[in-house]
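Structure first, then comments.
Structure below.
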């Protein structure tokens, strides 16, 4: 049994990570960090949380609790400022350590990845004990395009995400009055996940995210030059995965089947008229796009079963 | 042509009031007040707003612009603190001047209605030039129960409102992540619209509001002791109204038909087994529940056609 | 290990029951009944369903498969027409066998409960091997009012349900264009769950259901004459339950915390001004309101751990 | 005053067309066709519809009523089978007469456009009295790309539509349980609006539609090879339009501002890294995407003010 500390429990990714740790047969939560909830019991965050859990402590205290694995569910600046506790596996769910190029990192986040390893287990398993967890948009796009990257040199990625992807912080664009019955693109041509995707694929991509009127779930529709063997490449890449499923012909990915899970769905289409291959990926932005992948990365680093604690089975209508 | 000033244009009720004034054949907007947008053009609020509109000015300046009618789309404290401009018709969309009883008013809002007249045109037409515009929940409950009040002495009012009823201000309960696919009661037994409804009906009511995952629209389901002639009383009360429609037997009120309008729909049911009369009222919380009724009240006070500028016809699927 | 047959797998309650059976440590699915999917593999219903599952067979064949427990996820007429397989525990999720009074049953469903036992485990544990599973609205209302029933003789029940409560069948009222951004009451004063609630409580109730624009989840707001010890009665009734949680003061039930689970949340409020006690209950209509409760009833009848296979822990944001 | 007949009033596009005709100063509805509602009063469709309207008649009878303008709000087969009444302006909202190439038309619809003119007033004003009204997806894509077509030879069009775009007919994919909190692509690489767009632009396009969990509204995100003067071309094309608005830099199109209107919003972006121009268009699929454009086309053909009866002003929050 490994001990786990979670920093930033009061945010969406923190709460979801905590929930997976609670369901994990090999992890025990020993420190729950939250600067806003410090001193209060776990039930202050959610009445479903059990009275046996430790009370919240300041993030700094949680970091110093000596846990075997530490999950950083903080904003970029706070994650960049934190000195990783020595000896622990540290999974950073923020974007602070995702970019290898110091210049690019400075532009987008103010921190460079340095000794951190980018961990997307199916394609780039984490190495070492400092792990940068991919962004939600990047996860979906990379699952779709990673196995095809050798044969292509550009992509259009049209992505749509539920509002929880923007976090629990209050802002105008997350106000329900701005989200309900609405849809809009945002950060067109300047979203920070674009350089992250480009870094992993090796070429620039045209990336446009849209905000959906749904609570959770993310779908990326990716367009690339026609690739004859796209389906084979995807099926081979994920053949042994319990997380990523390449759907049979005629079944389209949809949010409804991945919400609340840590799985991903992929489908591939050929548009003969324009010579385009279309790959669509659906994930839960808080699952495979954040907390689920963070626990998966931790499992790999700790030598545990890769899907321990993950939600990879079960069917919700 | 009367001149109109609107204070608090940047909120939901302010923007909706402005929109009705723009469509009004007898009103001309001469001052657009907004402390947050002062100095900026109308298009800063919404790109649909025309370049011919005056720029925003501070609310205080708008109040002093000498308009014939002034709409206060402010929070309670700001509306209570404002000295009504002399000579103008003033319609206060906040709750500051709704309660006549000074003690009750102090408890709920810190201001008493004094010289202000409570204006719900179909039941209590405004008198004088200072008009307190009813709350959205109160409007729906009073349209349902006002015509029956003589024969009853109590009511259960179970109300459900879209999120715009809580305003454009950022708060946790209006975050889309808390609203989407959700429903919850709030302020149970302590909502400030309860004393307002009681004041107008003459007896206490049990009032429970719920927050719906919709942008706009409000439905109140009201339960009272069986009244034999409830349908007749309602039909008689609204027989000549272009705003309030008593639906035929077998047709239930629904948000979808009142959203974006200034109309109200009513239906009445008898539950023989328990001796209960059920009256259901649907309105748009920003229409008949706020801006539409404010303009309707102004029309009455100015001697204009009561529905001028209102959205009382048209069908949206 | 007990064997399980599920009839009517292609509907919402059938698919949800199947999913709980798959997660159940003591049940093994041996026959999947569906007249519409007969002959096709499990993945024809949902690509998440595993290739190791048996293919669909006609419902009649599934009923005759000799399973230890049979779940009837059929419409009322089909469930009423079926001869329960001898020796098996049979849980009927339809309404066919809920009403004891033959006259009432004839009016509402065309079948009487006869030898069937009404099973709501926390209040009325099932007896014998033929179990009528409560309706979703009835479950929420009875969890709220059952423990108080001795001291009251009437109730107003204002209920709101997500669209999956109306099933997967195509009808105008379930068309997304009629549901999205909408809310309306339906079947006012004539919903078949009213006599079911009355049968269990011992008095008539005024029951009004509303259709919510959410996929799943149900909230019942119940109004009764003031009861001094309502909270105590509720806490005592559910003190040892892992399924039903009485929330602490100041926390309101909400759909967001019960969706996808088999739990229930209760809160109790006193409205001093009108002498009313308000009890609010939230459940997932497909969980505690259908499939979760069906498996719970089966567990009781088979002598298994009452919550085996149920979703009673875990937190989704 | 011109007389108008509407065939297929009971569908979404029929009801919306009727509503615009009712608001039109120069059109009078003389025949309301609906095979399913024949013989019933207008209020049978919607209680908001006035008692002064004529009752519904069979579509064939409405076609023969001698109206000056006839709106065909029918499915493709019915529209193709109908002989256009002699002398009348006929606007076909179905797809039956949109494709000029007989072979393509046969593949997609079974009818060829023949004497019909494709009418998208801002780009291709209708000629003659037989007018094929564009599809909703095609309208959004063409408004975005039409003014740029000379300089490009291909496009990726990623489109997202509310559920009313699929009509009022009952089908699994329009069931609220399949739509709420969901998103999925459909008809990838084989949607019938693709050849319609290609016909008007002069080159093939890669078109992927997605079904949104909203009632109405459509957004098309279009990707083309970088065009230096894209903004200028769009602004010039729509400079005098009261229907199409090119938004200022920094404002993104959104459904919330076009729903319930007959307007369109456009924005243009440059993605320097990949040499891509992105044009985004938002419309209401039932407004500019159907009924609004149909009335606009009729106005042009009848020599009326182009926006008479249209919803081109007004602001809803």
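Protein chains in written order, with the working numbering: chain A, 88 to 404; chain B, 88 to 404; chain C, 88 to 404; chain D, 88 to 404. A virtual CB, placed ideally from N, CA and C, is assigned to each residue, including glycine. Computed from a predicted structure; not experimentally measured.
Span of the beta strand (DSSP E) around residue i
i	result
residue 282 of chain D	No beta strand (DSSP E) holds residue 282 of chain D; the alpha helix (DSSP H) holding it covers 280-288.
residue 312 of chain A	305-312
residue 115 of chain D	114-120
residue 296 of chain B	293-298
residue 258 of chain A	Taken as a continuous stretch (DSSP letters only), residue 258 of chain A belongs to no beta strand (DSSP E), as it is neither H nor E.
residue 245 of chain C	243-248
residue 217 of chain D	217-219
residue 123 of chain D	Here residue 123 of chain D belongs to no beta strand (DSSP E), and DSSP marks it neither H nor E.
residue 90 of chain A	89-94
Of the listed residues the options, nearest to residue i (C-alpha basis)
i	options	result
residue 93 of chain C	C/182, C/385, C/395, C/211	C/385
residue 324 of chain B	B/255, B/238, B/231	B/231
residue 326 of chain B	B/294, B/209, B/264, B/111	B/209
residue 308 of chain D	D/369, D/140, D/194	D/369
residue 224 of chain A	A/250, A/263, A/131	A/250
residue 140 of chain D	D/329, D/127, D/150	D/127
residue 334 of chain D	B/136, B/121, B/106	B/136
residue 399 of chain C	C/375, C/387, C/317, C/132	C/375
residue 99 of chain C	C/219, C/152, C/150, C/180	C/180
residue 161 of chain B	B/111, B/107, B/101	B/101
residue 306 of chain C	B/89, B/295, B/310, B/222	B/295
residue 402 of chain A	C/105, C/90, C/184	C/105
residue 193 of chain A	A/213, A/221, A/358, A/282	A/282
residue 273 of chain D	A/365, A/211, A/159	A/365
residue 319 of chain B	B/133, B/339, B/356, B/168	B/356
residue 291 of chain D	D/240, D/245, D/171	D/240
Supposed close pair residue i, residue j - CB separation, criterion 8 Å
i	j	result
residue 301 of chain B	residue 268 of chain C	5 Å
residue 303 of chain C	residue 373 of chain C	6 Å
residue 264 of chain C	residue 255 of chain D	6 Å
residue 262 of chain C	residue 257 of chain D	6 Å
residue 221 of chain D	residue 279 of chain D	The pair is not a contact, with the Cβ atoms about 12 Å apart (cut-off 8 Å).
Chain A residues whose Cβ lies nearer than 9 Å to that of residue i
i	result
residue 268 of chain C	267, 268
Where residue i meets chain B, residues with beta-carbon distance less than 8 Å
i	result
residue 264 of chain A	99, 250, 251, 255, 261, 302
N- and C-terminal bounds of the alpha helix (DSSP H) containing residue i
i	result
residue 106 of chain C	99-109
residue 266 of chain C	263-266
residue 223 of chain D	223-232
residue 320 of chain D	317-324
Chain-ordered chain C contacts of residue i [CB-CB under 9 Å]
i	result
residue 110 of chain A	400, 401
residue 103 of chain A	402, 403, 404
residue 373 of chain A	403, 404
Residues that residue i contacts on chain A, provided the C-beta gap is smaller than 8 Å
i	result
residue 338 of chain C	134
residue 247 of chain D	247, 270, 297
Neighbour flag for residue i against chain E, beta carbons, 9 Å
i	result
residue 325 of chain B	Of the protein chains in the structure, A, B, C and D, none is chain E.
Per-residue contacts from residue i into chain B (C-beta, under 9 Å)
i	result
residue 335 of chain D	130, 134
Chain-ordered neighbours of residue i on chain C, where CB pairs are closer than 8 Å
i	result
residue 106 of chain A	401, 402, 403
Within chain D, the residues that residue i reaches when beta carbons sit closer than 8 Å
i	result
residue 344 of chain B	133, 134, 135
residue 347 of chain B	347, 403
Neighbour list for residue i in chain D, Cβ cutoff strictly below 7 Å
i	result
residue 293 of chain A	310, 358, 361, 363
Residues that residue i contacts on chain D, provided the C-beta gap is smaller than 9 Å
i	result
residue 272 of chain A	306, 308, 339, 340, 341, 354, 356, 365, 367
Report task. Can you check the segment 333-386 of chain D for any alpha helix (DSSP H) of at least 4 residues that lies completely inside it and give the ranges in chain order? Result -> Taking 4 residues as the shortest admissible run, the segment 333-386 of chain D contains the following complete alpha helix (DSSP H) segments, listed from N- to C-terminal end: 342-345.
Report task. Please list the segments of the alpha helix (DSSP H) lying wholly inside the segment 138-179 of chain D, counting only runs of 4 or more residues, in order along the chain. Result -> 146-150, 163-168
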